[in-house]
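Residue numbers (full-length UniProt numbering): 1 to 295.
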């Protein structure tokens with residue numbers, strides 16, 4: 001155990017919204033609520049703050065102009081929803097709460113769970129345009145940091161990091177990948193390569209894993225040599241079914257043993273992803289508090 005404290009991240013925003021009675025079955029997930037019912041998103045964020053979260057991730061993960069067009073939105077609608085994503089989190093915050101704009105992968109706008117395969121079927125120049133358009137709007141909302149998350153491919157990470165270096169070189173960020181096997185990205189690149197690339201940016205605050213099964217995390221972190229802290233926010237270990245658009249299989253939350261092992265390996269920001277509502281985050285907060293007291 002080191003003297004560095006552990007910061008608690010929030011959980012899955014769509015999970016919290018579902019617990020408040022809202023469906024996230026549409027193609028834009030929480031984005032639809034950000035346009036039409038932003039106060040509901042604020043309430044979901046607030047449930048995580050009340051559970052102990054010190055960092056809130058915005059609901060911008062699924063939002064984009066391309067996705068908006070498929071839903072019948074105008075570009076102005078998308079811009080409004082993106083701006084609302086930061087506002088909704090700010091309104092839920094306490095003094096000291098940090099707001100991280102979610103920068104999800106291009107695959108999150110596609111059907112079939114492409115963010116878990118990295119199989120986009122388009123040129124990388126189009127992926128760059130996609131990220132540039134969304135990033136410009138999110139930066140205008142002045143988030144505290146960027147959550148570059150659920151990344152399946154180092155090439156896409158490089159594209160985003162180059163854009164961030166050009167547009168906001170001093171803005172803190174983390175990069176987290178989704179994994180299906182120990183120590184590699186979804187397209188098979190060594191996770192060490194991701195960590196090394198992220199570590200080369202002065203504004204990086206962490207590198208890690210999200211939306212992945214808890215049992216894959218510790219052995220994957222153990223493969224990485226980096227000076228950066230790790231960030232970890234797993235899902236429940238279920239499998240995403242792109243056809244039915246739902247998680248299948250039995251879910252298991254991270255245990256006290258899991259958390260202690262991640263911290264021992266260098267994790268300093270810990271939360272939850274899909275399937276983690278305020279109850280689960282409150283449980284993690286209690287366990288994290290115990291670990292902090294041992295530091």
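By construction, the Cβ of each residue, glycine as well, lies at the ideal position given by its N, Cα and C atoms.
Quick caveat, the model's predicted, so the values are computed rather than measured.
Residues near residue i by beta carbon distance below 6 angstroms, same chain, minus five either side
{"i": "residue 168", "result": "139"}
{"i": "residue 28", "result": "62, 67, 71"}
{"i": "residue 282", "result": "51"}
{"i": "residue 259", "result": "287"}
{"i": "residue 253", "result": "280"}
{"i": "residue 151", "result": "105, 157, 177"}
Simplified DSSP assignment, three categories, for residue i
{"i": "residue 186", "result": "coil"}
{"i": "residue 31", "result": "helix"}
{"i": "residue 73", "result": "coil"}
{"i": "residue 202", "result": "coil"}
{"i": "residue 8", "result": "strand"}
{"i": "residue 58", "result": "coil"}
{"i": "residue 283", "result": "helix"}
{"i": "residue 208", "result": "strand"}
{"i": "residue 102", "result": "strand"}
{"i": "residue 171", "result": "coil"}
{"i": "residue 82", "result": "helix"}
{"i": "residue 2", "result": "Residue placement at residue 2 cannot be trusted, given a pLDDT of 46 that sits under 50; the coordinates are not used to answer."}
{"i": "residue 267", "result": "strand"}
{"i": "residue 294", "result": "helix"}
{"i": "residue 97", "result": "coil"}
{"i": "residue 17", "result": "helix"}
{"i": "residue 255", "result": "coil"}
{"i": "residue 163", "result": "helix"}
Proximity winner among the options, relative to residue i (alpha-carbon distances)
{"i": "residue 185", "options": "64, 149, 42", "result": "149"}
{"i": "residue 66", "options": "255, 157, 133", "result": "133"}
{"i": "residue 12", "options": "64, 265, 270", "result": "270"}
{"i": "residue 18", "options": "8, 9, 47", "result": "47"}
{"i": "residue 214", "options": "104, 71, 84, 232", "result": "232"}
{"i": "residue 293", "options": "278, 263, 277, 92", "result": "263"}
{"i": "residue 63", "options": "229, 144, 107", "result": "107"}
{"i": "residue 97", "options": "234, 35, 277, 10", "result": "10"}
{"i": "residue 206", "options": "124, 268, 179", "result": "268"}
{"i": "residue 128", "options": "69, 117, 37, 159", "result": "159"}
{"i": "residue 296", "options": "118, 56, 43", "result": "In the structure as shown, the chain starts at 1 and stops at 295, and residue 296 therefore has no counterpart that could be examined."}
{"i": "residue 188", "options": "81, 126, 198, 154", "result": "154"}
{"i": "residue 209", "options": "236, 198, 199, 175", "result": "175"}
{"i": "residue 229", "options": "256, 257, 265", "result": "265"}
{"i": "residue 43", "options": "90, 136, 212, 171", "result": "90"}
{"i": "residue 257", "options": "284, 135, 100", "result": "284"}
{"i": "residue 88", "options": "113, 69, 41", "result": "41"}
Expected contact under 8 angstroms - CB spacing of residue i and residue j to nearest Å
{"i": "residue 221", "j": "residue 6", "result": "Not really, about 14 angstroms apart at Cβ, beyond 8 angstroms."}
{"i": "residue 173", "j": "residue 204", "result": "6 angstroms"}
{"i": "residue 92", "j": "residue 31", "result": "Actually they do not touch by this definition, with Cβ atoms about 17 angstroms apart."}
Buried versus exposed, by CB contacts within 10 Å (16 or more), residue i
{"i": "residue 286", "result": "exposed"}
{"i": "residue 78", "result": "buried"}
{"i": "residue 2", "result": "Residue confidence is low: residue 2 scores 46 on pLDDT, short of 50, so the model does not pin down where it sits. Its coordinate-derived value is still stated next. With fewer than 16 other Cβ atoms within 10 Å, it is exposed."}
{"i": "residue 147", "result": "buried"}
{"i": "residue 39", "result": "exposed"}
{"i": "residue 14", "result": "buried"}
{"i": "residue 122", "result": "exposed"}
{"i": "residue 227", "result": "exposed"}
{"i": "residue 21", "result": "exposed"}
{"i": "residue 115", "result": "buried"}
{"i": "residue 272", "result": "buried"}
Close Cβ partners of residue i (< 8 angstroms) along its chain, the five nearest in sequence each way excluded
{"i": "residue 94", "result": "49"}
{"i": "residue 261", "result": "218"}
{"i": "residue 110", "result": "120"}
{"i": "residue 165", "result": "201"}
{"i": "residue 182", "result": "216, 219, 220, 223"}
{"i": "residue 102", "result": "57, 58, 59, 60, 61, 85, 147, 149"}
{"i": "residue 193", "result": "154"}
{"i": "residue 83", "result": "137, 140, 141"}
Beta carbon proximity, residue i to chain D, threshold 8 angstroms
{"i": "residue 48", "result": "Note that chain D does not occur in the displayed structure, where there is just one protein chain."}
Distance cut-off 7 angstroms: residue i Cβ against heavy atoms of the ligand ZN
{"i": "residue 228", "result": "For the ligand ZN, the structure offers nothing, since it holds no ligand at all."}
Own chain partners of residue i with C-beta closer than 7 angstroms, once the 5 adjacent residues on each side are dropped
{"i": "residue 156", "result": "105, 106, 127"}
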